[in-house]
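J.: Let me begin by handing over the structure; questions about it come next.
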Amino acid sequence: MAERGVAYIERDVSSDPQAASEMLRLLGGRMVTPTLVVGKEVLTGFAQNRARMEELFPRPAELSEKR
Numbered sequence: 028m029a030e031r032g033v034a035y036i037e038r039d040v041s042s043d044p045q046a047a048s049e050m051l052r053l054l055g056g057r058m059v060t061p062t063l064v065v066g067k068e069v070l071t072g073f074a075q076n077r078a079r080m081e082e083l084f085p086r087p088a089e090l091s092e093k094r
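The following block contains the structure:
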């Protein structure tokens, strides 16, 4: 996220009971990491959401050209 210039708030559910409670509420009682909340959209895991994350957070042009 940082390499794409996306501001985010990292919450550690293992040490933050409020974050853990919110995750359980959002995911219907499940604990899945990583979980990204973008507006009202909730994404769990990176691999299965790679395409959606590319849509939401496209690479800056200069980074894409280096690939």
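Every position in the sequence shown, counted from 1, becomes a number in my numbering once 27 is added.
We put the CB at the ideal spot given by N, CA and C, even for glycine.
(1) Around the C-beta of Met50, are 16 or more other C-beta atoms found within 10 angstroms, so that it is buried, or is it exposed?
(2) Kindly indicate which three-state DSSP category Leu51 falls into: helix, strand or coil?
(3) Looking only at its own chain, which residues have a Cβ that is under 8 Å from the Cβ of Gly32, when we skip the five neighbours before and after it?
T.: On the basis of the supplied data:
(1) Here residue 50 refers to the residue found at position 23 when the sequence shown is read from its first residue. With 16 or more other Cβ atoms inside 10 Å of its own Cβ, Met50 counts as buried.
(2) Reading the sequence shown from its first residue, position 24 is the one you call residue 51. Here DSSP, grouped into helix, strand and coil, assigns Leu51 to helix.
(3) In the sequence shown, the residue the question calls residue 32 occupies position 5. Listed in chain order, the non-local C-beta contacts of Gly32 below 8 Å within the same chain comprise Pro87, local neighbours out to five positions each way being set aside.
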